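Shown next, in structure tokens, is the structure this report addresses.
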Amino acid sequence: MPLKKNQIIPLTIEGISSDGSGVGRWEGEAIFIPGTAPGDLLDARIVKDCGRYAFGIIEKLVTPSADRIPLDCPAAGPCGGCALRHLDYAAELRAKEEIVADAFRRIGGLELPVHPILPSPEVDRYRNKVQFPVGRDKNGAPCIGFYAGRSHRIIPCPDCKLQPTILNEIANALCGLFGQYGLAPYDEETGKGLLRHIFLRQGKHSGQIMVCLVCTRGRLPHSEEITRALLEKFPEITTILLNVNPQKTNVILGQETKTLYGPGYIQDTLCGVPVQLGPLSFYQVNTLGAEQLYQVAAEYAAPSPEDLLLDLYCGMGTIGLSMAHQCKELIGVEIIPEAIESAKSNAARMGAEIAAKSRFFCADAGQAATQLAAEGLTPDIIVLDPPRKGCDEATLSAVVRMAPRRLVYVSCNPATAARDAAWLAKEGYRVERIQPVDMFPRTKHVETVMLLSNSLITAPLKK
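The opening position of the sequence shown corresponds to residue 789 in this note's numbering, with each subsequent residue numbered one higher.
Here it is, written out as structure tokens:
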């Protein structure tokens, strides 16, 4: 019998889905309830029935799970960013490990052991980047926060637990200065106002901080006074930028950026790779977690001094460059021009030897892989780090034609990683290892590193 909207049913939560919701079953139908934990006994109110599955909310928590912990952020529920903040971290890790295993079993059709998930070195305050939309609090004063789920309604959040304390303090200080000088937040409905976002970065190892104000116009009134006040209170600030975005759009950054103070970038290192970061730079938001992930990728790649390493979807080149000293040649491919320029600069900063053996091309990964395969390029190792949608068939086909002995696949989406693993398995690549890595504690996201070997090549894998 189909469920009805607002029907209340008893439910036991059995697990966590890939979107962070708890999952229970009612007469064989999966019921997804956000904010729940495995082991919760509750009364659930049905919000929408889709036939084979339904969505609901907690009507009454009858018996809480032993895995529950108190929420320590009032914005956690409506914000939606910390979808798992109500879970003990050990329970969160178990849930994420099962999400990866389930994806490879259900989508990939691969009954393979998944290695125990690697926890993040930091559970809170780990993010090196934050983009706060600027709005108004209940008193009408400028405030920072995050958008409520499926909306652009700002939930005030003066102290996000995922951001370093100093970044929250800088954003709050800026809101105070905006109010002091009468600078208005942008109103999406009317198109009026000046201040859209506060974009902050901090180098984990350098400590340097970038402040970028995203505004609708290219002039910030009282910019000198605001700059002076910020620098007096926060000497860690290395550069202050003004990004101009006059468009009615969901895109945060505009095309024009002006430097109000400093060099226009900050510096940091990632796995020994020196990087320069501006507002448009793609960079892993959890530095210590990324270094852990890259170490796994390097272990799986196991390059030797005779190897050609091809890094597809290379971004700023950090994964490939972190292994460049171990291989003969590195080729990186990325579609974003700014990222390729950053990759070339990063290679140059690593010295003449690394720069000489590294080449980076700006191209679509699929087209570039097809062209390189047509040219007879024979990389020994290919690293793939695609976006959430995974690799398209053109990319995977070209990879198979190049016949590397080893593939290292880094994924932010277990579902598409499992799909691509199944495709590659049919083409002769054997999945050897699957390693989940928690890069985003308290959120629904989990990274996976996968090692595949060419079954036609018997070169031994390093243990």
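Cβ coordinates follow ideal geometry from the N, Cα and C atoms, glycine included. Just so we're clear, the structure is a prediction, and the values are computed from it rather than from any experiment.
(request) Name the two residues that bound the continuous alpha helix (DSSP H) containing Y1053. (result) Per DSSP, Y1053 belongs to no alpha helix (DSSP H) and is neither H nor E.
(request) Just mark N794 as buried or exposed, buried being the case when its beta carbon has 16 or more other beta carbons within 10 Å. (result) Sixteen is the threshold: since fewer than 16 other Cβ atoms of the shown chains lie within 10 Å of the Cβ of N794, the residue is exposed.
(request) Quickly, what does DSSP pair G812 with across the bridge? List them, please. (result) DSSP output for G812 lists I819 as bridge partner(s).
(request) Provide the residue span of the alpha helix (DSSP H) that contains L962, from first to last. (result) Element bounds for L962: T953 to Q968.
(message) I'd like to know whether the C-beta atoms of A1157 and A1186 end up nearer to each other than 8 Å.
(response) Cβ distance < 8 Å, so A1157 and A1186 count as in contact.
(request) Have a look at the DSSP bridge pairing and note the partners of C931. (result) Answer is G923.
(request) Below 8 Å on the Cβ atoms is my guess for A1162 versus T1183; work out the distance and round it to an integer in Å. (result) Not a contact, Cβ separation roughly 14 Å.
(request) Flag this pair as touching only if the segment 1169–1178 and the segment 1216–1232 have three or more C-beta atom pairs under 8 Å; answer yes or no. (result) In short, these stretches do not touch, since the Cβ pair count stays below three.
(message) Could you check whether the segment 1186–1204 touches the segment 1036–1049, counting it as contact only if at least three pairs of C-beta atoms, one from each stretch, sit closer than 8 Å?
(response) Inter-segment contact for the segment 1186–1204 and the segment 1036–1049 is absent: fewer than three beta-carbon pairs are separated by less than 8 Å.
(message) Taking its Cβ as the centre, do 16 or more other Cβ atoms sit within 10 Å of V850, making it buried, or is it exposed?
(response) Burial is judged here by how many other beta carbons sit within 10 angstroms of a residue's own beta carbon; V850 has fewer than 16 and is exposed.
(request) Along the beta strand (DSSP E) that carries M1238, what are the first and last residues, could you check? (result) Unbroken beta strand (DSSP E) run through M1238: E1235 to N1242.
(message) Let's test the definition: count the other Cβ atoms within 10 Å of the Cβ of E1235 and tell me whether it reaches 16, buried, or not, exposed.
(response) Its Cβ being crowded by 16 or more others within 10 Å, E1235 is buried.
(message) I need the boundaries of the beta strand (DSSP E) containing Q1072, first residue and last residue.
(response) Careful: Q1072 lies outside any beta strand (DSSP E) and carries neither H nor E.
(request) Take R1221 and list the residues in its own chain whose beta-carbon comes closer than 6 Å to its own, dropping the five residues that flank it on each side. (result) Scanning its chain for C-beta atoms nearer than 6 Å, with the 5 sequence neighbours on each side dropped, one finds around R1221 the residues L1239, in chain order.
(message) If the criterion is Cβ atoms closer than 8 Å, does the pair G896 and A1089 meet it?
(response) No, Cβ-Cβ distance for G896 and A1089 is not below 8 Å.
(request) May I ask you to report which of helix, strand or coil DSSP gives L799? (result) Under the three-state reduction of DSSP, L799 is assigned to strand.
(request) Would you give the residue range spanned by the beta strand (DSSP E) that D1254 belongs to? (result) This structure cannot speak to residue 1254, because the chain is shown only from 789 to 1251.
(request) Could you please give the first and the last residue of the uninterrupted alpha helix (DSSP H) stretch that includes M789? (result) No alpha helix (DSSP H) contains M789, which DSSP labels as neither H nor E.
(message) With distance defined between alpha-carbon atoms, name the residue in L971, G1052, A1143 and T1027 nearest to P1009.
(response) Just measuring C-alpha positions, the residue of L971, G1052, A1143 and T1027 sitting nearest P1009 is L971.
(message) Just to confirm the assignment: which complete beta strand (DSSP E) runs, minimum length 3, are found wholly within the segment 968–1047?
(response) Listed in chain order, the complete beta strand (DSSP E) runs (minimum 3 residues) inside the segment 968–1047 are 983–990, 997–1003 and 1025–1032.
(message) My output table needs one value for E1141: the three-state DSSP class, helix, strand or coil.
(response) In the three-state reduction of the DSSP assignment, E1141 falls in the helix class, which pools H, G and I.
(message) Since G844 and I819 should fall inside the 8 Å C-beta cutoff, what is the C-beta to C-beta distance between them, to a whole number of angstroms?
(response) So it is a contact: roughly 6 Å between Cβ atoms.
(message) In whole angstroms, give me the CA-to-CA distance for I796 and L830.
(response) The alpha-carbon atoms of I796 and L830 are separated by roughly 10 Å.
(message) Can you list, in chain order, the residues of its chain with a C-beta nearer than 6 Å to that of Y1101? Leave out the 5 residues immediately preceding and following it.
(response) If we look at Y1101 and ignore the five residues flanking it on each side, its Cβ neighbours are A1153, D1173 and P1174.
(request) Locate the alpha helix (DSSP H) running through T1231, then write down its first and last residues. (result) Careful: T1231 lies outside any alpha helix (DSSP H) and carries neither H nor E.
(request) Can you give me the start and stop residues for the alpha helix (DSSP H) that R894 sits inside? (result) Per DSSP, R894 belongs to the alpha helix (DSSP H) from Y877 to R894.
(message) Do I1107 and L1150 have their beta-carbon atoms positioned less than 8 Å apart in this structure?
(response) The sequence given here places Cys at residue 1150; Leu does not occur at that position. In terms of Cβ geometry, C1150 and I1107 do not form a close pair [threshold 8 Å].
(message) Assuming I1119 is part of the beta strand (DSSP E), what are its boundary residues?
(response) Start and end: E1117 to E1122.
(request) Express the C-alpha separation of R813 and R840 in angstroms, rounding to a whole number. (result) Between R840 and R813, the C-alpha separation is close to 10 Å.
(request) Taking S1199 as part of the beta strand (DSSP E), name the residues at either end of that continuous run. (result) Bounds of the beta strand (DSSP E) holding S1199 are R1194 to S1199.
(request) Would you decide whether E1079 is buried or exposed? Buried here means 16 or more other CB atoms lie within 10 Å of its CB. (result) Counting C-beta atoms within 10 angstroms of its own C-beta, E1079 has 16 or more neighbours from the protein chains shown and is therefore classed as buried.
(request) Give the straight-line distance between the Cα atoms of K898 and S1243, rounded to the nearest whole angstrom. (result) Per the sequence shown, the amino acid found at residue 898 is Leu instead of Lys. Whole-angstrom Cα-Cα distance: 16 Å.
(request) State the start and end residues of the unbroken beta strand (DSSP E) segment that holds P944. (result) Residues I942 to P944.
(message) Tell me the rounded alpha-carbon separation between R1207 and K1214.
(response) C-alpha of R1207 to C-alpha of K1214: approximately 11 Å in a straight line.
(request) Please name the residue or residues paired with I1252 in a DSSP beta bridge. (result) In the structure as shown, the chain begins at 789 and stops at 1251. Residue 1252 is therefore absent and cannot be evaluated.
(request) Spell out the partners DSSP gives Q1083 in its beta bridges. (result) DSSP lists no bridge partner for Q1083.
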